[in-house]
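Residues in the sequence shown are numbered consecutively from 1, following my numbering.
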Amino acid sequence: MGHKINPTGLRLGITQEHRSRWYAPARLYPTLLQEDERIRQFVNKKYSSAGISSVHIARKADQIEVELKTARPGVLVGRQGSGIEDLRSGIQKTLGDKSRQVRINVVEVERVDADAYLLAEYIAQQLEKRVAFRRTIRMAVQRAQRAGVLGLKIQVGGRLNGAEIARTEWTREGRVPLHTLRADIDYATKVASTTYGVLGIKVWVFKGEVLPGQKEQAPAGAAPRRRTSRRPQDFEDRSNEE
């Protein structure tokens, strides 16, 4: 069962949290759900080069809180915070209400190479550049191992290297205990568009077991990346507060 179900959905409330945190009556639920989807599509399309890992949305009364986890916060924040204002106005335009209160928080991803979505995005970019898939997977595994992950599984399917018949290839390094609910497993999918068609990419990253009341900690052997030796930054938008 653990090998077939979505690892994130199976662990909601245990090691994973919901990416939309709000409650609404039945008559408003479809509208708000579609708004969340439009916000995510807008952010991922406009800021595709910002390395956005996830978009978390919370609602309080008439205010929308959007939390963006990204590998490159400077791309989103911009000079003197101008990017935040552009992002807010873009979200308001997407929702069709420029008077809507939108609060934006930008959080830097601490370990970029240990994030499943960013790894899948890296693999997709390499495959779209026509790099051999085995070489791409090997490089992704090496990057994840340097980040100190305990286990990693990568699966790529489609017309690999332009083959006439589509097939699926996968590799696994370390432990990936999909049946263990307390295992902190980061899962992501991505599609790579190549000249031969689309390739499906799936990435599972095992970061350790999280016991009740315990937060995830980076393994002792995790090697910091040279560019991100500084402390991760959080950019909190307080412009809507009185």
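The beta-carbon is built from N, C-alpha and C at its ideal position, and this holds for glycine as well.
Predicted model, so just to flag it, every value in this text is computed and none were measured.
Alpha-carbon to alpha-carbon, residue j and residue i
i    : j    : result
G9   : F133 : 28 Å
G2   : I123 : 24 Å
V308 : Y29  : Because the chain here runs from 1 to 242, residue 308 falls outside it and cannot be looked at.
R19  : Y196 : 34 Å
A166 : V198 : 10 Å
G81  : Q125 : 28 Å
M139 : V131 : 11 Å
Nearest residue (CA-CA) to residue i, options the options
i    : options                : result
I201 : A188, L211, G208, V210 : A188
E108 : G74, R130, K129        : G74
6 Å Cβ shell around residue i - same chain, five flanking residues per side excluded
i    : result
D184 : T15, K207, G208, V210, E216
Delimiting residues of the alpha helix (DSSP H) encompassing residue i
i    : result
Y47  : Element bounds for Y47: n/a, residue is neither H nor E.
K93  : 82 to 95
R143 : 133 to 146
L12  : Neither: L12 is in no alpha helix (DSSP H) and is coded neither H nor E.
Beta carbon of residue i nearer than 7 Å to that of residue j
i    : j    : result
A116 : V203 : yes
D113 : A147 : yes
L118 : S53  : yes
R72  : G51  : yes
I39  : I91  : yes
K190 : V176 : no
V106 : L160 : no
E128 : A192 : yes
Where the beta strand (DSSP E) through residue i begins and ends
i    : result
L243 : An answer regarding residue 243 cannot be provided, because it is not within the stretch 1 to 242 covered by the chain.
L199 : 197 to 209
V191 : 183 to 194
Cβ-based neighbour list, residue i, same chain, cut-off 7 Å, excluding 5 preceding and 5 following
i    : result
H179 : G2
R88  : V102, I104
Own chain residues within Cβ distance below 8 Å of residue i, not counting five before or after
i    : result
L181 : L10, R11, I14, T15
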